[in-house]
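This report refers to the structure that appears directly beneath it.
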Amino acid sequence: MNIDSSALLYADVILPLPLDNAYTYALPEQIAHLVQVGSRVIVPFGNRKFYSAVVISIHQQKPDYTVKEVLELLDERPVVLPAQMRLWRWIADYYLCTLGEVYKAAMPSGMKLESESRVVLCPDYVAEEALKPSEQRLLDALMVKSEQTIAELQRETSLRSILPPVRSLLEKGALLMKEEVRHTYKPKVEVCVRLSKRFFDEAEINQVLDGLKRAPLQEKLLIQYIEDSHLSAALALQNMVVLKDVSRRELLRATGCAPAALQTLLKKGVLELWQKPIGRLSSQMLPQQVALSPLSPAQQAAFDQILVQWQQHSVCLLHGVTSSGKTEIYIHLIQQAIEQGRQVLYLLPEIVLTTQLTQRLKRVFGDRLGVYHSRYPDAERVEVYQKMLSDKPYDIIVGVRSSIFLPFQRLGLVIIDEEHETSFKQQDPAPRYHGRNAALILAAQNGARTLLGTATPSLESYHNALSGKYGLVTLSTRYGDVQLPQIEVVDIKELRRKKLMKGPFSPQLLSLMRDALAHRQQIILFQNRRGYAPMMECHVCGWVPRCQNCDVSLTIHRSTRALTCHYCGATYPLPSVCPNCENRELRNRGYGTERIEDDIHDVFPEARVARMDLDTTRTRQSYEQILHDFQTGATDILVGTQMVTKGLDFQHVSLVGILNAGTMLSQPDFRSYERAFQMMAQVAGRAGRRQVQGHVILQTMDSQEPVINQVVGHDYTGMYRAQMQERELFHFPPFCRLIYVYMKHRNERVLDQLAADAARFMRQVFGNRVLGPDTPPVGRIQQMHIRKIILKVELTAPMTEARQRLRQLQGHLLSQPAYKSAQFYYDVD
Ligand code: ADP
Ligand code: ZN
Ligand code: ZN
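If you want the working numbering, it's the 1-based position in the sequence shown plus 29.
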């Protein structure tokens with residue numbers, strides 16, 4: 030760029046807001062020469078608010094309106110690299126959202142400080158060095174009120190430039206971002222007290238004690254410390270190292286003293302504070318590194334074929350049956366990539382899976398591996414992000430979809446495990462991107478190879494493989510030549526008629542459960558409904574309790590003694606009489622995981638049962654505990670929703686029960702059949718992963734459904750062919766592109782008007798490719814009515830233009846006053 034040094038410089042920036050455009054700000058002279066594209070700056074926006082924005086270009090063109098000035102430069106080196114910006118742009122463009130929304134999703138909150146960010150005082154913080162006056166002022170303000178927004182703090186402290194001290198205090202661990210405090214924060218240090226070196230002497234310490242005769246609190250504290258630290262023993266040995274650690278909190282608690290008394294002793298230099306690290310996952314479990322396991326002949330063949338495929342296709346699909354050792358192959362590929370000096374991204378659909386996998390990978394790769402996921406404390410995510418920017422970045426990142434946004438510098442391999450999982454797709458909020466597809470773009474933009482792995486490929490990926498767009502490698506034997514599980518179908522309709530069912534369990538399932546428990550084998554039971562019962566119903570008049578905010582019936586939750594809406598989370602007390610006819614006989618209909626857990630206790634009172642569903646896995650600790658207990662045999666039976674179908678690897682599971690296949694097939698979605706197959710095949714794959722063949726009992730109301738046979742026969746290709754025929758016939762992906770248009774509004778009349786307008790405009794452009802508007806199966810959520818329009822575009826259509834038209838439409842409709850409070854967004858694919 031040729032810049033005249035005397036002229037004013039401007040920066041175009043992206044704000045972390047759902048805004049379409051970049052905004053231009055003037056660069057003050059003192060920072061103008063320091064700002065770079067990809068750096069963050071603080072800018073004022075709207076009514077006395079400020080945000081951290083990312084600079085996307087620097088130029089000299091003065092806009093024809095008055096521009097505000099950049100307030101502050103946050104980074105002297107860019108934190109968004111050009112390659113990342115390319116991905117951001119692709120996502121905003123393809124998924125029809127704004128760059129601001131992508132920015133919001135792409136960075137940990139600690140890097141997006143803005144006036145509305147809330148910070149809290151960290152209870153365990155100890156200053157290691159003297160604080161700057163501005164930092165001290167900030168802390169003082171927070172002492173008075175320990176949680177404040179940055180805007181409030183600014184008013185409180187009247188500091189002109191508030192962000193530098195906020196940032197440095199965040200880095201020092203004195204502050205925390207509010208949002209991370211809720212679930213994730215675990216202190217990483219414990220503040221301890223110790224004797225200063227020069228007082229480690231009997232005579233010295235006695236002299237100090239004598240001097241404290243008139244300061245009873247200090248004396249009490251010191252005596253307590255001397256006892257707790259076993260000082261006399263250490264003095265006898267002349268060895269300071271044997272002093273026991275004494276925590277500050279404990280010391281204050283034991284003596285009942287206020288911190289001020291301790292403060293005086295610290296000032297006198299008798300005692301000092303230090304921070305004792307306590308185990309965070311990462312530092313705690315750095316087991317020694319082990320060598321790679323040698324691959325079996327079948328695995329080696331697959332490995333070699335993958336390398337061959339990569340010579341012609343940058344993407345390869347590994348279709349390997351469950352427990353064939355795909356992970357083992359990934360490990361060898363990772364090893365190869367990092368030996369070549371490239372970085373690896375290992376993408377997983379779900380947080381629950383990272384625990385097992387991280388343990389496996391850490392054993393081999395140690396601290397060359399970084400883990401990045403949304404339930405880690407934000408400070409840790411900032412750490413990972415910054416480390417990736419440094420000149421010693423992680424070689425391998427394991428993470429869920431948001432890790433595609435990390436600043437990779439020499440990405441060479443992307444592994445997408447369980448590529449068929451729909452949880453790769455982000456639903457809300459925007460960007461509504463598909464983690465797998467965005468990762469494929471990321472890899473392509475960086476010249477990296479990609480491996481998609483799964484036992485049950487998505488139809489899209491398998492189609493791409495068969496049509497030659499991707500390479501395809503198949504692995505059809507399990508590691509150790511263990512047989513695939515034997516699947517027995519049980520017709521529960523018939524059994525119910527004959528009254529042979531015991532609650533949700535068929536006699537066949539119960540008998541195998543009994544066997545398994547007797548042989549100390551473990552059992553997984555899969556039911557795709559959480560809560561106690563999916564529905565309550567009046568025996569007499571058929572009344573069903575429904576949510577006041579949404580058009581859905583409520584689920585009974587026994588543990589909280591409430592009815593809960595699974596869409597908006599609202600809870601209601603359990604009624605004891607029908608409000609309609611005053612009958613007292615209210616029935617529970619259907620079985621949720623909670624009820625199944627209860628029923629097992631009735632049948633097998635000795636069995637140790639755990640439940641894994643959304644309700645029991647809200648925090649990292651809780652799901653890690655459940656997995657750990659099952660892995661170590663502390664529980665016998667694991668009941669769960671689709672969470673238990675995911676690629677977990679347990680050694681002693683001999684039996685899997687699918688309690689009701691029908692609940693999966695009744696979903697109104699063109700992918701539900703494919704999904705049902707995948708879930709059943711996957712959960713069945715958890716059985717018999719070592720030595721002995723496992724058993725699966727598949728309970729269903731309609732044993733004639735073709736998908737049931739395909740699952741029993743481990744017949745993926747049969748399912749694929751049948752489904753592809755249907756998709757072609759009814760014109761669904763992968764034979765076309767789908768874009769859903771969602772519109773929401775509190776007022777149903779306004780909404781219908783908006784939907785009709787949108788559909789009319791769309792028909793003018795896209796003709797009969799437009800379907801709807803329709804009301805989706807759940808037509809109202811959180812008091813917002815919903816309408817949906819479907820756009821089906823042929824694969825050959827020019828999408829750039831189509832997207833442009835859709836953007837125009839959105840802008841046009843939302844700019845109309847009548848639709849001001851409407852929501853209107855696209856969901857692509
Ligand atoms: P998949 O990912 O295909 O379901 P995994 O990689 O989890 O299969 O392998 C299943 C089990 O077999 C794992 O416990 C794994 O440790 C073991 N295994 C697979 N391949 C090997 C190998 N080459 N050497 C030792 N153990 C292996
Ligand atoms: Zn009734
Ligand atoms: Zn609701």
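Positions of the beta carbon are idealized from the N, C-alpha and C atoms, including for glycine. Keep in mind it's a predicted model, so treat the numbers as computed, not measured.
What are the start and end residues of the beta strand (DSSP E) that includes residue i?
i	result
GLN728	724 to 729
GLU176	176 to 178
PHE706	Here PHE706 belongs to no beta strand (DSSP E); instead the alpha helix (DSSP H) covers 701 to 713.
ASP446	440 to 446
VAL149	147 to 150
TYR601	600 to 602
ASP41	38 to 43
GLY686	682 to 687
ILE768	765 to 774
LYS817	813 to 823
LEU295	No beta strand (DSSP E) holds LEU295; the alpha helix (DSSP H) holding it covers 288 to 296.
GLY669	666 to 669
TYR854	852 to 857
PRO802	799 to 803
Locate the alpha helix (DSSP H) running through residue i, then write down its first and last residues.
i	result
ASN466	464 to 474
ASP628	622 to 632
GLU653	649 to 660
GLU755	745 to 758
ASP239	231 to 240
LEU205	Taken as a continuous stretch (DSSP letters only), LEU205 belongs to no alpha helix (DSSP H), being part of the beta strand (DSSP E) at 204 to 206.
Classify residue i as buried or exposed, calling it buried when 16 or more other Cβ atoms lie within 10 Å of its own Cβ.
i	result
ILE252	exposed
PRO245	exposed
SER844	exposed
PRO316	Any answer about PRO316 is weak, because its pLDDT of 48 lies below 50 and its placement is not dependable; what the coordinates show is given next. Counting Cβ neighbours within 10 Å, PRO316 comes out exposed, since fewer than 16 surround it.
TYR848	buried
PRO846	exposed
PHE853	buried
MET140	buried
VAL632	exposed
MET269	exposed
ASN493	buried
MET417	buried
ASP104	buried
MET748	buried
LYS821	buried
GLU823	exposed
GLN177	buried
ARG590	exposed
ILE552	buried
ASP41	buried
PRO514	buried
MET641	buried
CYS610	exposed
So that I know if they touch, is there some Cβ in chain C lying closer than 7 Å to that of residue i?
i	result
THR674	Note that chain C does not occur in the displayed structure, where there is just one protein chain.
Exercise for review: Return the chain-ordered ranges of every beta strand (DSSP E) run that is complete within the region 494 to 536 and spans a minimum of 3 residues.
Suggested key: For the region 494 to 536, whole beta strand (DSSP E) runs of length 3 or above, ordered along the chain, are 500 to 504, 515 to 520.
Check your understanding: Taking three-plus beta-carbon pairs below 8 Å as touching, is the region 127 to 143 in contact with the region 455 to 475?
Key -> With a cut-off of 8 Å, the region 455 to 475 and the region 127 to 143 count as touching, because enough Cβ pairs lie within range.
Review point. Unbroken beta strand (DSSP E) runs of length 3 or more, entirely within the region 328 to 399: which are they?
Key: Here the runs fully enclosed are 344 to 349, 372 to 376.
Exercise for review: Any chance you could list the beta strand (DSSP E) runs of at least 3 consecutive residues sitting entirely within the region 54 to 98, in chain order?
Suggested key: Complete beta strand (DSSP E) runs here, min 3: 69 to 74, 78 to 88.
Practice item. With a cut-off of 6 Å, give the chain-ordered residues whose Cβ is closer than this to any heavy atom of ligand 2. Key: Cβ atoms closer than 6 Å to ligand 2 belong to CYS567, VAL569, CYS570, TRP572, CYS607, ASN609, CYS610, ASN612.
Review point. Are three or more beta carbon pairs between the region 538 to 558 and the region 685 to 702 nearer than 8 Å?
Key: These segments touch.
Check your understanding: Below 8 Å, can you find three or more Cβ-Cβ pairs linking the region 354 to 367 to the region 743 to 762?
Key -> The answer is no - the region 743 to 762 does not touch the region 354 to 367, with fewer than three Cβ pairs under 8 Å.
Practice item. Pick out the complete alpha helix (DSSP H) segments inside the region 105 to 164, 4 residues or longer, and give them in chain order. Key: When DSSP assignments are scanned along the region 105 to 164, the uninterrupted stretches of alpha helix (DSSP H) that are 4 or more residues long and fall wholly within it turn out to be 111 to 123, 128 to 135.
Review point. Residue ranges of each alpha helix (DSSP H) run of no fewer than 4 residues wholly in the region 532 to 603, ordered along the chain?
Key: Listed in chain order, they are 536 to 547.
Exercise for review: Starting from the N-terminal side, write out each stretch of the alpha helix (DSSP H) that is 4 residues or longer and does not extend beyond the region 407 to 444.
Suggested key: Here the runs fully enclosed are 407 to 418.
Practice item. Check each residue's C-beta against every heavy atom of ligand 3 and list, in chain order, those closer than 5 Å. Key: Listed along the chain, these residues meet the criterion: CYS576, ASN578, CYS579, CYS594, TYR596, CYS597, ALA599.
Check your understanding: Counting Cβ pairs closer than 8 Å, one from the region 344 to 353 and one from the region 406 to 416, do we hit at least three?
Key -> Segments in contact, no.
Practice item. Mind the definition here: the region 423 to 442 touches the region 395 to 404 only if three or more C-beta pairs lie below 8 Å; say whether that holds. Key: Result yes; three or more Cβ-Cβ pairs closer than 8 Å.
Check your understanding: Three or more beta-carbon pairs under 8 Å between the region 763 to 778 and the region 734 to 745, yes or no?
Key -> Two segments are said to touch when three or more pairs of C-beta atoms, one from each, lie closer than 8 Å; by this definition the region 763 to 778 does not touch the region 734 to 745.
Review point. With contact counted as at least three CB pairs below 8 Å, one residue from each stretch, are the region 76 to 96 and the region 444 to 452 in contact?
Key: Segments in contact, no.
Review point. Does the region 503 to 517 come within contact of the region 592 to 600, defined as at least 3 CB pairs closer than 8 Å?
Key: No, the region 503 to 517 does not touch the region 592 to 600.
Exercise for review: Please determine if the region 106 to 115 and the region 51 to 69 are in contact, where contact requires at least 3 C-beta pairs separated by less than 8 Å.
Suggested key: Touching, yes.
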